[in-house]
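Enquirer: Residue numbers (the numbering used here): 287 to 612. Every residue, glycine too, gets a C-beta built ideally from N, C-alpha and C. Here you go, one structure.
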């Protein structure tokens, strides 16, 4: 099981430069302490999570790291030109010396995105899968002619070509048709921070049901915070959890779609506790799901605590996990 850091570019003090610098330091610390991956989320029109230009951010991270793999979690393809995405993806793969993982999604329940990117919600799934099909062809074929419901190209050659052939590709989805598509293509499945484990099990089962050779690669994101005791971990993580819950409730209420986002429920779906407790929980999740990549989002907006949480995982949790799984 590979360990990654999950970057959402929180901006609690509304200082964009400080936000970007802090996330860069987090990724570099993750690489220093032995994490294998760093993934970046895509958010739009949000002053508290400023990562709209996800591929630009990943390109920058490619230049300040040397070993850690870099992933998009995830590019919202319904809002982008697939030709430009293919060019950017190939460029990042070359710049990173073949360290890029390409995660995609159709976008969450944020209607402003669909409105301002002129992508109808009911069409976003089909647009995403069609864009992904075109991107795959542009990356690996010499010349491409393609005619779909949304995108068309005529005898087009794309440069540069990526170093990896293929680039590992992931889809964040729970939709049966998209899971079937991922299984047929051999793409991995991504699960967001609050997706219940039982729902991920169902998605993995649907993936395997497509054929005897279908075995999903799973990337699981989770809020994470550890301390000597569960009580201390909760005390230090709860301000972040409560702030996140309040923000998400506000977003959903603005859509007349009330949602609880109960802090206790968020904690239950997170990895928050003592070092020993978290090691046991992670081993259990891995045995239950076969997680290939565990992506940890430190549950704090305090940079010093976030950096220390990566150190703690490397020194006090990971050795326990590796011993249990040996």
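Taking residue 445 as part of the beta strand (DSSP E), name the residues at either end of that continuous run.
Expert: Neither: residue 445 is in no beta strand (DSSP E) and is coded neither H nor E.
Enquirer: Within its chain, find whatever has a CB closer than 8 Å to the CB of residue 356; leave out the 5 residues flanking it on each side and keep chain order.
Expert: Once the five neighbours on either side are set aside, the close Cβ partners of residue 356 are 323, 324, 325, 326, 344, 347, 348, 378, 382, 385, 386 and 387.
Enquirer: Around the Cβ of residue 400, are there at least 16 other Cβ atoms within 10 angstroms (buried) or fewer (exposed)?
Expert: Per the 10 Å Cβ criterion, buried.
Enquirer: Please report how far the alpha carbon of residue 314 lies from the alpha carbon of residue 320, in whole angstroms.
Expert: Whole-angstrom Cα-Cα distance: 10 Å.
Enquirer: Let me confirm a value: residue 354 is counted as buried when at least 16 other C-beta atoms fall within 10 Å, else exposed. Which label applies?
Expert: So residue 354 counts as buried.
Enquirer: Does DSSP put residue 428 in a helix, a strand or coil?
Expert: In the structure shown, residue 428 sits in coil (DSSP, three-state: anything other than H, G, I, E or B).
Enquirer: Spatial neighbours of residue 575 within its chain, please: CB distance less than 8 Å, with the 5 preceding and 5 following residues excluded, ordered by chain position.
Expert: Cβ neighbours of residue 575 beyond the five flanking positions: 483, 486, 487, 490, 504 and 506.
Enquirer: Starting from residue 558, trace the beta strand (DSSP E) both ways and give me its first and last residue.
Expert: Here the beta strand (DSSP E) through residue 558 covers 557-560.
Enquirer: What is the DSSP secondary structure of residue 457, reduced to helix, strand or coil?
Expert: Strand.
Enquirer: Just to confirm before moving on: does the CB-CB distance between residue 603 and residue 565 stay below 8 Å?
Expert: In contact: residue 603 and residue 565 (Cβ atoms closer than 8 Å).
Enquirer: Using 8 Å for Cβ pairs, my map puts residue 416 next to residue 393. What's the rounded Cβ distance?
Expert: About 15 Å separates the two Cβ atoms, so there is no contact after all.
Enquirer: For the putative contact between residue 552 and residue 480, defined by C-beta atoms under 8 Å, what is the C-beta separation to the nearest angstrom?
Expert: The pair is a contact, with the Cβ atoms about 6 Å apart (cut-off 8 Å).
Enquirer: Could you say which of 597, 579, 308 and 596 lies nearest to residue 474 if we only look at CA atoms?
Expert: Among 597, 579, 308 and 596, the Cα nearest to that of residue 474 is on 579.
Enquirer: Beta-carbon within less than 7 Å of residue 585's beta-carbon, same chain only, minus the 5 sequence neighbours each way: which residues are those?
Expert: Same-chain partners within the cutoff: 509, 510, 511, 523, 526, 527, 556 and 558.
Enquirer: Return the chain-ordered list of same chain residues with a C-beta closer than 6 Å to the C-beta of residue 560, the five sequence neighbours on each side being excluded.
Expert: Excluding sequence neighbours, residue 560 sits near 515 and 516.
Enquirer: May I ask you to report which of helix, strand or coil DSSP gives residue 613?
Expert: Shown here, the chain extends from 287 to 612; a query on residue 613 therefore has no answer.
Enquirer: Residues in the same chain with beta-carbon distance under 7 Å from residue 577, minus the five sequence neighbours each way, listed in chain order, please.
Expert: If we look at residue 577 and ignore the five residues flanking it on each side, its Cβ neighbours are 287, 504, 506 and 571.
Enquirer: Over what stretch of residues does the beta strand (DSSP E) that includes residue 403 continue unbroken?
Expert: It is not in any beta strand (DSSP E) - residue 403 carries neither H nor E in the DSSP assignment.
Enquirer: For the pair the segment 300-318 and the segment 359-369, tell me if three or more CB-CB distances fall below 8 Å.
Expert: Because the criterion of three Cβ pairs below 8 Å is not met, the segment 300-318 and the segment 359-369 do not touch.
Enquirer: Compare the C-alpha of residue 593 against each of 310, 298 and 297 and name the closest.
Expert: The option with the nearest alpha carbon to residue 593 is 310.
Enquirer: May I ask you to report which of helix, strand or coil DSSP gives residue 605?
Expert: Looking at residue 605 - three-state DSSP - the assignment turns out to be helix.
Enquirer: Using the rule of at least 16 other Cβ atoms within 10 Å of the residue's Cβ for burial, across every protein chain shown, is residue 596 buried or exposed?
Expert: Residue 596 comes out buried.
Enquirer: Locate the alpha helix (DSSP H) running through residue 343, then write down its first and last residues.
Expert: Run containing residue 343: 340-350, per the alpha helix (DSSP H) assignment.
Enquirer: Hey, could you find the ends of the beta strand (DSSP E) residue 290 is sitting in?
Expert: That run of the beta strand (DSSP E) goes 288-293.
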